[in-house]
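Peer 1:
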Amino acid sequence: MATANAYIADVTRADKRAGVFGMPGAAFGIGFVGGLLIGGWMGSIGLHWPFWFAAGLALLNVL
1 MATANAYIAD VTRADKRAGV FGMPGAAFGI GFVGGLLIGG WMGSIGLHWP
51 FWFAAGLALL NVL
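One point on numbering: in the UniProt record's numbering, the residue at position 10 of the sequence shown is 10, and numbering is uninterrupted.
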């Protein structure tokens, strides 16, 4: 988070900075809530599905 904030401070104009600083926090919050919902839904199908989904996301991260 600190690196993202430093980057935002370097590349944005002062008048737009406050709004842009809120974007990583909003993305984190949406991801936190969305991840719980998706993980709960997948867990209701089968306990192995959240782990396979996480493995797929990790594989995409490598690429």
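All residues carry an ideal CB built from backbone N, CA and C; glycine is no exception.
How is the alpha helix (DSSP H) around D10 delimited, first residue to last?
Peer 2: Segment A2 to V11, the alpha helix (DSSP H) holding D10.
Peer 1: Skipping 5 residues on each side, what residues in its chain have a beta carbon closer than 6 Å to that of T12?
Peer 2: Same-chain partners within the cutoff: V20.
Peer 1: Return the chain-ordered ranges of every alpha helix (DSSP H) run that is complete within the stretch 26–57 and spans a minimum of 4 residues.
Peer 2: Whole alpha helix (DSSP H) segments, 4+ residues: zero.
Peer 1: Straight-line CA distance for P50 to N61?
Peer 2: 16 Å
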